[in-house]
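Okay, structure first, notes after.
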Amino acid sequence: MIKDKSYRQIVFLSGKGGTGKTTFTAAFAKLLKNKIVIDCDVDAANLYLLLKPSGNKESVFIGCKKAAIDLLKCTGCGLCEEVCRFDAIKNFVVDQISCEGCGFCVRVCPDNAISFEPNISGIFFKGKLEDDSVFFHARLNPGEGNSGKLVTEIKKEALTNIDEKTEWILIDGPPGIGCPVNASLAGSDFVVLIAEATLTGLHDLKRLIELLKTFKFRHGIIINKYDLNEEITRAICDLANDNGIEIFGLIAFNPDFVRSLQLGKTIIEHNPDIKTQIEEIWSKIKFEIPTHQI
Ligand code: SF4
Ligand code: SF4
Numbered sequence: 004m005i006k007d008k009s010y011r012q013i014v015f016l017s018g019k020g021g022t023g024k025t026t027f028t029a030a031f032a033k034l035l036k037n038k039i040v041i042d043c044d045v046d047a048a049n050l051y052l053l054l055k056p057s058g059n060k061e062s063v064f065i066g067c068k069k070a071a072i073d074l075l076k077c078t079g080c081g082l083c084e085e086v087c088r089f090d091a092i093k094n095f096v097v098d099q100i101s102c103e104g105c106g107f108c109v110r111v112c113p114d115n116a117i118s119f120e121p122n123i124s125g126i127f128f129k130g131k132l133e134d135d136s137v138f139f140h141a142r143l144n145p146g147e148g149n150s151g152k153l154v155t156e157i158k159k160e161a162l163t164n165i166d167e168k169t170e171w172i173l174i175d176g177p178p179g180i181g182c183p184v185n186a187s188l189a190g191s192d193f194v195v196l197i198a199e200a201t202l203t204g205l206h207d208l209k210r211l212i213e214l215l216k217t218f219k220f221r222h223g224i225i226i227n228k229y230d231l232n233e234e235i236t237r238a239i240c241d242l243a244n245d246n247g248i249e250i251f252g253l254i255a256f257n258p259d260f261v262r263s264l265q266l267g268k269t270i271i272e273h274n275p276d277i278k279t280q281i282e283e284i285w286s287k288i289k290f291e292i293p294t295h296q297i
């Protein structure tokens with residue numbers, strides 16, 4: 004039987020860091036009930052600082068395998084160093100940060116001197132928010148390059164918590180347009196782009212819009228700090244117009260955004276006027292989110 008999907012998955016993206024993406028995700032997470040919140044910025048998770056989940060339960064994340072040479076077995080032929088295209092082997096020692104886990108050295112070693120074991124690349128956490136909804140965030144170990152895989156893993160785990168009450172999956176996406184962003188987008192119903200009125204903000208927004216158009220993800224824009232450079236704000240509006248993208252709202256620069264971060268609060272807890280603006284923006288976003296069937 005075809006059944007209407009009970010929840011909608013929304014991703015917040017910005018193309019670059021520092022645009023206020025996490026601030027807005029936190030505000031919407033505070034506003035909405037019956038949700039699951041996932042911080043997919045696994046290289047620099049910070050949404051938990053604002054949403055303050057409790058009772059965090061840890062799980063290890065196994066990334067790629069890593070090579071290690073057993074010097075008792077190694078006869079010093081040098082073949083492994085020769086074939087490693089990542090230059091991860093020097094003087095019969097594998098640099099665990101440079102090793103990309105391709106396994107080539109393991110296959111060529113004539114003396115079976117190289118082990119190839121799964122590597123703990125990070126941790127992810129499941130906690131509870133004050134309204135009892137679940138919150139996931141993760142920490143990738145320094146130098147690990149499996150952020151896309153970790154994003155997929157954390158989302159998979161988070162989605163097992165969907166129940167009949169779940170209405171929203173809110174995802175704080177990673178910066179950029181690379182593999183972790185693609186992983187955060189998988190299965191999403193709508194993307195909210197947080198744009199900033201700066202030249203780099205405009206540049207990154209264009210790249211992100213191209214990506215979303217290519218993969219046909221529906222999206223809309225919030226312009227943050229629009230009054231910093233009204234010429235660029237106009238350019239963002241023109242870009243949106245040309246691409247048929249809705250602008251949900253323009254938020255002015257306000258020192259209260261920084262103050263609320265310093266206090267570890269969401270902006271809607273700190274400034275009632277901005278709360279009203281966020282509520283108005285949400286009513287527009289909600290109207291745009293497609294209802295579809297599974
Ligand atoms: S597994 Fe691949 S990257 Fe790692 S040391 Fe061996 S050849 Fe180099
Ligand atoms: S290929 Fe094997 S035997 Fe040769 S240097 Fe590397 S670890 Fe040692």
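Numbered according to our numbering, the sequence shown spans residues 4 to 297.
Heads up, the beta-carbon is just placed ideally off N, CA and C, and yes, glycines get one too.
Check: Output yes or no for whether 7 Å exceeds the beta carbon distance between alanine 32 and isoleucine 271.; Outcome: no
Check: Measure the C-alpha to C-alpha separation of lysine 131 and isoleucine 250 and round it to an integer number of angstroms.; Outcome: 32 Å
Check: According to DSSP, which residues form a beta bridge with histidine 222?; Outcome: Val194
Check: Would you identify the three-state DSSP class for proline 183, choosing helix, strand or coil?; Outcome: helix
Check: Which partner residues of isoleucine 250 appear in the DSSP bridge assignment?; Outcome: Ile224
Check: Got a sec: does ligand 2 put a non-hydrogen atom nearer than 6 Å to the Cβ of leucine 82?; Outcome: yes
Check: Given a cut-off of 7 Å on the beta-carbon distance, is the pair cysteine 43 and isoleucine 174 in contact?; Outcome: yes
Check: Would you decide whether glycine 179 is buried or exposed? Buried here means 16 or more other CB atoms lie within 10 Å of its CB.; Outcome: buried
Check: Drop a sphere of 10 angstroms on the beta-carbon of serine 150, count the other beta-carbons inside from all chains shown, and report buried for 16 or more, exposed for fewer.; Outcome: buried
Check: Shorter than 6 Å, the distance from the beta carbon of alanine 97 to the closest heavy atom of ligand 1, or not?; Outcome: Position check: residue 97 holds valine in this sequence, whereas alanine was assumed. Indeed, a heavy atom of ligand 1 lies less than 6 Å from the Cβ.
Check: From threonine 22 to cysteine 240, what distance separates their C-alpha atoms?; Outcome: 17 Å
Check: Under the three-state reduction of DSSP, which class applies to methionine 4: helix, strand or coil?; Outcome: Residue placement at methionine 4 is flagged as unreliable, the pLDDT there being 39, under the threshold of 50; the coordinate-derived value follows with that caveat. The answer is coil: DSSP assigns methionine 4 none of H, G, I, E or B.
Check: Kindly give me the distance between the Cβ atoms of serine 101 and lysine 38, rounded to whole angstroms, as I take these residues to be in contact under 8 Å.; Outcome: That belief does not hold up - the Cβ atoms of serine 101 and lysine 38 are roughly 40 Å apart, past 8 Å.
Check: Going by the C-beta, is cysteine 102 closer than 6 Å to any heavy atom of ligand 2?; Outcome: no
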